[in-house]
Amino acid sequence: EGQVINLTLGNGGLSGRISDAIGDLKMLQIVDLHDNDLMGSIPSKIGHLLNLTSLILSFNEITGTVPTGIAKLSNLELLHLHDNRLQGTVPRLALKGQTKSSF
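Structure below.
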């Protein structure tokens, strides 16, 4: 059956919140929602996406803290969270390969 592996909607004029249902897309490898008008927090269920290699949420209006579940994403190679309104610290990450991340 078909599985969503790439969710690339950067610079797409999106607004609203990232749904908790994103955690149900277990095969996702890439989430790129940069440069939109997304608000609210990063769903904690993002930590369920164990195949995720890239998480790009930069240039939005995302608030709150970075969920601790992100630390479980052992395949993560790219993490961009900059230019949001996040607070606190980023959980300790075991980024795979060469890190290309910005917070």
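Residue numbering for the sequence shown follows this note's numbering, starting at 206 and increasing by one per position. Just so it is clear, CB atoms sit at the ideal spot from N, CA and C, and this is done for glycine as well.
Tell me whether the beta-carbon of residue i lies closer than 9 angstroms to the beta-carbon of residue j.
i: L257; j: L291; result: no
i: L214; j: D237; result: yes
i: K277; j: G252; result: yes
i: I267; j: L298; result: no
i: S249; j: T273; result: yes
i: L212; j: L230; result: yes
Between which two residues does the beta strand (DSSP E) containing residue i stretch?
i: L243; result: D242 to G245
i: D237; result: I235 to D237
i: R290; result: R290 to Q292
i: I267; result: E266 to T270
So, under 8 angstroms CB-CB, residue i and residue j are touching, yes? Tell me the CB distance rounded to an integer number of Å.
i: S263; j: L283; result: With 8 angstroms as the limit, S263 and L283 do not qualify as a contact, their Cβ atoms being about 11 angstroms apart.
i: G217; j: N241; result: 6 angstroms
i: I223; j: H239; result: With 8 angstroms as the limit, I223 and H239 do not qualify as a contact, their Cβ atoms being about 12 angstroms apart.
i: N311; j: N280; result: Residue 311 is absent from the structure shown; the chain starts at 206 and stops at 308.
Using beta carbons (cut-off 9 angstroms, strictly below), is residue i in contact with chain B?
i: L255; result: Checking the listed chains, one finds no chain B in this structure; it contains a single protein chain.
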